[in-house]
Amino acid sequence: MKIIPHKQVGRMQRSATAIFFALALAVAFVGRSQSAHQVERPVSNNDGQINQTYLWATELGPQQHRGLDFPNPIGTAIFAVANGIVIDMREDIRDGTYPPNSAFGNFVLIRHEASLRHYDQTTNSIAFVYTIYAHLSQYSVAPNIGDTVAAGAHIADIHSTGNSSGHHLHFQVVLNPSVNNISLAPNTLESEDRSRNPELWLTPYPGTSTAIGQVK
Numbered sequence: 004m005k006i007i008p009h010k011q012v013g014r015m016q017r018s019a020t021a022i023f024f025a026l027a028l029a030v031a032f033v034g035r036s037q038s039a040h041q042v043e044r045p046v047s048n049n050d051g052q053i054n055q056t057y058l059w060a061t062e063l064g065p066q067q068h069r070g071l072d073f074p075n076p077i078g079t080a081i082f083a084v085a086n087g088i089v090i091d092m093r094e095d096i097r098d099g100t101y102p103p104n105s106a107f108g109n110f111v112l113i114r115h116e117a118s119l120r121h122y123d124q125t126t127n128s129i130a131f132v133y134t135i136y137a138h139l140s141q142y143s144v145a146p147n148i149g150d151t152v153a154a155g156a157h158i159a160d161i162h163s164t165g166n167s168s169g170h171h172l173h174f175q176v177v178l179n180p181s182v183n184n185i186s187l188a189p190n191t192l193e194s195e196d197r198s199r200n201p202e203l204w205l206t207p208y209p210g211t212s213t214a215i216g217q218v219k
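Counting in the numbering used here, the sequence shown runs from 4 upward without gaps.
Take a look at the structure:
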């Protein structure tokens, strides 16, 4: 057994303590600060547990999850996370069904205001922010294509349509520099290749923070 000298143990303890306080300060700072691109939550600020996170995957296959899932009850109201315009939607799929080529089920796609535009290093461009709200209840979508919506506006209700394992909201953030010919059906948005982690955009729950970083 290797015996670590007392002085070295002391240095290690001081280093660990410093790292702990640095992380605590970073988490506190992120929790209190307002990101330049922070948006509201799509379910509510006091509810909406996430049960499948960004890039979540299972042993069933290598395909990763490109958004967040909120397993709220059927009929739970869904809200726009920021001001924007509805550029695509579908609401005619019967609840509990998965017709061919309709993985998102009933959905709403919103392009957000220019103030939310964000640098996209993959294309070296300033991209528009799009949000997807999927697996919605049949005929629950409130806005029409072309309508403007405000942050917090009711846009639809939760159910289970499309490629869904049960009632929930699938929420996705996508960056795309284009404003022309963007849709989900067909998927010219390229939602699977241009997605970003929504948890870095959403306002944290009250009393919580979003920690960003890596410890090695």
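Think of the CB as a built atom: it goes at the ideal place given N, C-alpha and C, for glycine as much as any other residue. Keep in mind it's a predicted model, so treat the numbers as computed, not measured.
Member of the options whose CA lies at the smallest distance from the CA of residue i
{"i": "D160", "options": "F174, N166, N179 and E202", "result": "F174"}
{"i": "L112", "options": "S163, T125 and L178", "result": "L178"}
{"i": "G169", "options": "F82, G99, I129 and A137", "result": "G99"}
{"i": "R114", "options": "S163, N200, L187 and L71", "result": "L187"}
{"i": "G220", "options": "S194, E202 and H157", "result": "Nothing in the structure corresponds to residue 220, since the chain is present only between 4 and 219."}
{"i": "L203", "options": "V176, V182 and G155", "result": "V176"}
{"i": "S198", "options": "T206, P180 and P207", "result": "P180"}
{"i": "T126", "options": "T206, D196 and N200", "result": "D196"}
{"i": "L71", "options": "V152, S167 and M92", "result": "S167"}
{"i": "A145", "options": "A117, A80 and S128", "result": "A80"}
{"i": "P189", "options": "M92, R69, S47 and T151", "result": "M92"}
{"i": "P201", "options": "N183, S47, T134 and N75", "result": "T134"}
{"i": "A117", "options": "R69, P76 and V182", "result": "V182"}
C-beta atoms of residue i and residue j nearer than 8 Å
{"i": "G165", "j": "G108", "result": "yes"}
{"i": "F73", "j": "E43", "result": "no"}
{"i": "P171", "j": "L139", "result": "Checking the sequence, you will find His at residue 171 rather than Pro. It is not a contact, given that the beta carbons lie outside the stated cut-off."}
{"i": "Y1", "j": "P45", "result": "Absent from the model: residue 1. The displayed extent of the chain is 4 to 219, so no value can be given."}
{"i": "A154", "j": "A106", "result": "no"}
{"i": "F96", "j": "P103", "result": "Looking at the sequence provided, one finds Ile at residue 96 rather than Phe. For I96 and P103, no; Cβs fall outside 8 Å."}
{"i": "E193", "j": "Y142", "result": "no"}
{"i": "F131", "j": "R120", "result": "yes"}
{"i": "Q41", "j": "T206", "result": "yes"}
DSSP state of residue i mapped onto helix, strand, coil
{"i": "L119", "result": "helix"}
{"i": "L192", "result": "coil"}
{"i": "L187", "result": "coil"}
{"i": "R197", "result": "coil"}
{"i": "A31", "result": "A caution first: A31 carries a pLDDT of 43, below 50, which makes its placement in the model too unreliable to give a value."}
Integer-rounded CB distance, given that residue j should sit under 8 Å from residue i
{"i": "I148", "j": "I90", "result": "7 Å"}
Chain B contact for residue i (CB, 8 Å cutoff)
{"i": "I77", "result": "The structure shown contains no chain B; it is built from a single protein chain."}
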